[in-house]
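The sequence shown runs 10 to 338 under my numbering. Just below is one structure, and these are the notes that go with it.
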Amino acid sequence: MKRIILFLLCVMLSLPLCSCGEKSDALRQSGAESKDSTGSAGNSSQNVNSTEDTAKAGVFDMETKTVMLSSGYEMPIMGLGTYSLSDEECYNSVTALLESGGRLIDTAYMYGNEAAVGRAIRDSDVPREEIFVITKIYPGEQYKDPEKAIQDALDKLDIGYIDMMLLHHPGENDVKAYLAMEKFVADGKIHSLGLSNFYIEELEEFLPQIDIMPALVQNEIHPYYQEQEVVPYIQSLGIVVQGWYPFGGRGHTSEMLGDETLNEIAAAHGVTTAQVILRWNLQRGVVVIPGSSDPDHIKENLDIFGFELTDEEMQRISSLDRNEKHDWY
Ligand SMILES: NC(=O)c1ccc[n+]([C@@H]2O[C@H](COP(=O)([O-])OP(=O)(O)OC[C@H]3O[C@@H](n4cnc5c(N)ncnc54)[C@H](OP(=O)(O)O)[C@@H]3O)[C@@H](O)[C@H]2O)c1
Numbered sequence: 010m011k012r013i014i015l016f017l018l019c020v021m022l023s024l025p026l027c028s029c030g031e032k033s034d035a036l037r038q039s040g041a042e043s044k045d046s047t048g049s050a051g052n053s054s055q056n057v058n059s060t061e062d063t064a065k066a067g068v069f070d071m072e073t074k075t076v077m078l079s080s081g082y083e084m085p086i087m088g089l090g091t092y093s094l095s096d097e098e099c100y101n102s103v104t105a106l107l108e109s110g111g112r113l114i115d116t117a118y119m120y121g122n123e124a125a126v127g128r129a130i131r132d133s134d135v136p137r138e139e140i141f142v143i144t145k146i147y148p149g150e151q152y153k154d155p156e157k158a159i160q161d162a163l164d165k166l167d168i169g170y171i172d173m174m175l176l177h178h179p180g181e182n183d184v185k186a187y188l189a190m191e192k193f194v195a196d197g198k199i200h201s202l203g204l205s206n207f208y209i210e211e212l213e214e215f216l217p218q219i220d221i222m223p224a225l226v227q228n229e230i231h232p233y234y235q236e237q238e239v240v241p242y243i244q245s246l247g248i249v250v251q252g253w254y255p256f257g258g259r260g261h262t263s264e265m266l267g268d269e270t271l272n273e274i275a276a277a278h279g280v281t282t283a284q285v286i287l288r289w290n291l292q293r294g295v296v297v298i299p300g301s302s303d304p305d306h307i308k309e310n311l312d313i314f315g316f317e318l319t320d321e322e323m324q325r326i327s328s329l330d331r332n333e334k335h336d337w338y
């Protein structure tokens, strides 16, 4: 019987993947499932139905360009970041992304552009369920009254539901804020939950206090700051890792995009250095959300599935790590 169930799971997961907004039956998750008898949510195997499912959650599918989250929802592995984009830039960038086939958008209360993201989505011809929107609430006032903060995000986006909501940083009342997000999951207003700027210590302290395992952690990751210990640690929990500042962030991009090693690898494949950086992330299981207000860059950044880096090239990029963080969090 166990074998039949395993076989059925394999068949289901090998079928063409459904729209990103749809939930897979094979990876159903509820708050109750994620807690063990001791109340701890720190073990990834509690998050999904079996160890086999845990192994599949988090595996990148380069054909469908998606990953199955432990929450049971699929998420595109390549998207657009909207930090520092003004309303108009943000609207135009999200529109360009959707027109070019991109479906993953990262915004936040702090970026002040959730309404522009929502407007671009409503104005597009792309069905809502194909699009995956991540937003975040911020420490301080928002964590003090998280229900209001979450409702504000829903109202500003005005797209029915939020695909994924993150805590932007650890901070006072972060557990309270996360537990409030869990209630919105129960009501179907948020599909998946995650964290940002959480590292090993922060996760070890935080996870036992919550009911629904985060499906994603978003941290600074680029060739000069690779988090070589943190990434596998997070992935070992069945949590997908997403990198911010893939090109080092504004003010650092020219150095990184001019890096000799990266340029050589790009030339060998006939692609751009930006595409090599994004592809390197994907091949180590890190979802990318480069920021851009340039439609040509947005198109270029989506075009990273026609080549593959060799093990030697992955190793060369790995050796560029300088543990050089480009922002404080
Ligand atoms: N959770 C957090 O705390 C946190 C913190 C920071 C950022 N983030 C998220 O991560 C996203 C990415 O970070 P970021 O946007 O700040 O920095 P980034 O992606 O490292 O760099 C963005 C810069 O790269 C340029 N660029 C984009 N594509 C390019 C290409 N193909 N060729 C050459 N240049 C290119 C952009 O210029 P153009 O506009 O000219 O393309 C922009 O100046 C943010 O937008 C945000 O969503 C999260």
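Ideal Cβ positions, reconstructed from N, Cα and C, are used throughout, including at glycine. Everything numeric in this text was worked out from a predicted model, so none of it was measured.
Check: How should residue 236 be labelled, buried or exposed, when 16 other C-beta atoms within 10 angstroms of its C-beta is the threshold for buried?; Outcome: buried
Check: If you follow the beta strand (DSSP E) that residue 102 is in, where does it begin and where does it stop?; Outcome: No beta strand (DSSP E) contains residue 102, which is instead part of the alpha helix (DSSP H) from 96 to 108.
Check: If residue 145 sits next to residue 175, beta carbons under 8 Å apart, how far is it from one beta carbon to the other, in whole angstroms?; Outcome: 4 Å
Check: Less than 9 Å separating the beta-carbons of residue 290 and residue 301?; Outcome: no
Check: Do residue 245 and ligand 1 come close, with the Cβ less than 8 Å from some heavy atom?; Outcome: no
Check: Which word fits residue 36, buried or exposed, when buried means at least 16 other C-beta atoms lie within 10 angstroms of its C-beta?; Outcome: Confidence at residue 36 is low in this model, with a pLDDT of 46, below 50, so its placement is unreliable and the value that follows should be read with caution. Under this definition residue 36 is a buried residue.
Check: Kindly identify the DSSP beta-bridge partner or partners of residue 249.; Outcome: 225
Check: Going by Cα to Cα distance, which pick from 281, 191, 169, 292 is closest to residue 320?; Outcome: 292
Check: Taking the beta strand (DSSP E) that residue 85 belongs to, which residues open and close that run?; Outcome: 83 to 85
Check: Whole angstroms is fine: what's the gap from residue 248's alpha carbon to residue 222's?; Outcome: 8 Å
Check: Can you name, in chain order, every residue of its own chain whose Cβ lies under 7 Å from the Cβ of residue 203, other than the five neighbours on each side?; Outcome: 173, 175, 223, 224, 225, 226, 227
Check: Leaving out five residues on either side along the sequence, give the residues of the same chain with a beta carbon under 6 Å from the beta carbon of residue 212.; Outcome: none
Check: Residue 193 and residue 159 - do their beta-carbons sit closer together than 9 Å?; Outcome: yes
Check: Kindly examine ligand 1 and report whether one of its heavy atoms sits closer than 8 Å to the Cβ of residue 235.; Outcome: no
Check: So, helix, strand or coil for residue 207, using DSSP?; Outcome: coil
Check: What's the gap between the Cα of residue 138 and the Cα of residue 117?; Outcome: 20 Å
Check: Whether or not the region 86 to 102 and the region 111 to 131 are in contact is what I'm after, with contact meaning three or more pairs of Cβ atoms, one per stretch, closer than 8 Å; do they touch?; Outcome: yes
Check: Return yes when the Cβ of residue 89 is within less than 9 Å of the Cβ of residue 298, no when it is not.; Outcome: yes
Check: Would you check if there are 3 or more beta carbon pairs closer than 8 Å linking the region 127 to 135 to the region 100 to 113?; Outcome: yes
Check: Short of 6 Å in beta carbon distance, which residues of its chain neighbour residue 271, apart from the five on each side in sequence? Order them along the chain.; Outcome: 282, 285
Check: Under the rule that 16 or more other beta-carbon atoms within 10 Å means buried, what is residue 81, buried or exposed?; Outcome: buried
Check: Evaluate residue 230 with the Cβ neighbour count: other Cβ atoms within 10 Å of its Cβ, from every protein chain shown; 16 or more gives buried, anything less gives exposed.; Outcome: buried
Check: Alpha carbon to alpha carbon, how far is residue 324 from residue 164? Give it in angstroms, no decimals.; Outcome: 45 Å
Check: Just how far apart, CA to CA, sit residue 46 and residue 76?; Outcome: Reliability fails at residue 46, whose pLDDT of 32 lies under 50, so the model's placement of it is uncertain and the value that follows must be treated cautiously. Straight-line Cα distance between these residues: approximately 29 Å.
Check: For chain C, check one thing: does any of its Cβ atoms lie closer than 9 Å to the Cβ of residue 120?; Outcome: You won't find chain C in this structure, because it holds only one protein chain.
Check: If the criterion is Cβ atoms closer than 9 Å, does the pair residue 219 and residue 191 meet it?; Outcome: yes
Check: Is any non-hydrogen atom of ligand 3 found closer than 8 Å to the C-beta of residue 259, if you look at the structure I gave you?; Outcome: Of the ligands this structure carries, namely ligand 1, none is ligand 3.
Check: Figure out for me which residue from 317, 334, 262 has the closest Cα to the Cα of residue 274.; Outcome: 317
Check: Measure the Cβ-Cβ separation of residue 168 and residue 143 and say whether it is below 9 Å.; Outcome: no
Check: Would a C-beta distance cut-off of 9 Å place residue 263 and residue 78 closer than the cut-off?; Outcome: no
Check: I'd like the list of long-range same chain contacts for residue 252, defined as Cβ closer than 8 Å, with 5 residues on each side in sequence excluded.; Outcome: 227, 228, 229, 230, 231, 290, 295, 296, 297, 298
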